[in-house]
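In the numbering used here, the protein residues as written are 1 to 135.
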């Protein structure tokens, strides 16, 4: 049942992306170095990892909460952000993050920001990663 629902949500999300393509503008992206500085300074925005549980547990950005993209509509309450606070969303390469970002917009998050390069760029830059599940 859950697998059917996640497959259905995947198809719907991808269909919406084809019908209404999401293009991140320069203002709606943050680069890895900038985000790493914010984390180190203790003023990181909400960071959402939209990848699978396996991918998340293998290594994620420190402080990122895990909300697989197909669960975004009913798990958005895990994201603590108010008003126009940015919510940084990423996946491995982009498509899942963009689908989740669209859903977060529908749920009332007005300032969704995408990590430029996503997790692949973060890892390539050899920035810190946390291994394991959420605390």
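A virtual CB, placed ideally from N, CA and C, is assigned to each residue, including glycine.
{"Check": "To the nearest angstrom, report how far apart residue 39 and residue 62 are at their CA atoms.", "Outcome": "8 angstroms"}
{"Check": "I'd like to check one pair, residue 28 with residue 113: are the Cβ atoms closer than 7 angstroms?", "Outcome": "yes"}
{"Check": "Roughly how many whole angstroms lie between the Cα atoms of residue 56 and residue 98?", "Outcome": "17 angstroms"}
{"Check": "Name the one or two DSSP bridge partners that residue 99 has.", "Outcome": "Note: residue 99 sits in no beta bridge, so no partner."}
{"Check": "For a test of the three-state rule: what should DSSP assign to residue 49, helix, strand or coil?", "Outcome": "strand"}
{"Check": "List the endpoints of the continuous alpha helix (DSSP H) containing residue 115.", "Outcome": "That residue, residue 115, is in no alpha helix (DSSP H); its beta strand (DSSP E) goes 112-115."}
{"Check": "Suppose the cutoff is 6 angstroms on Cβ atoms and the five residues either side in sequence are ignored; what does the same chain contact list for residue 107 look like?", "Outcome": "76"}
{"Check": "Who are the Cβ neighbours of residue 66 in its own chain at under 6 angstroms, not counting the five residues just before and after it?", "Outcome": "49, 56 and 134"}
{"Check": "Between residue 46 and the rest of its own chain, which residues show a CB-CB distance below 8 angstroms, the 5 nearest in sequence each way excluded?", "Outcome": "65, 79, 80, 81, 85, 86, 87 and 88"}
{"Check": "Give every residue of the same chain whose Cβ lies closer than 6 angstroms to the Cβ of residue 121, excluding the five residues on either side of it in the sequence, and list them in chain order.", "Outcome": "32"}
{"Check": "Should residue 44 and residue 127 be called a contact, given that it needs their Cβ atoms to be closer than 7 angstroms?", "Outcome": "no"}
{"Check": "Are the Cβ atoms of residue 69 and residue 100 separated by less than 7 angstroms?", "Outcome": "yes"}
{"Check": "Taking only three categories from DSSP, how would you classify residue 134?", "Outcome": "coil"}
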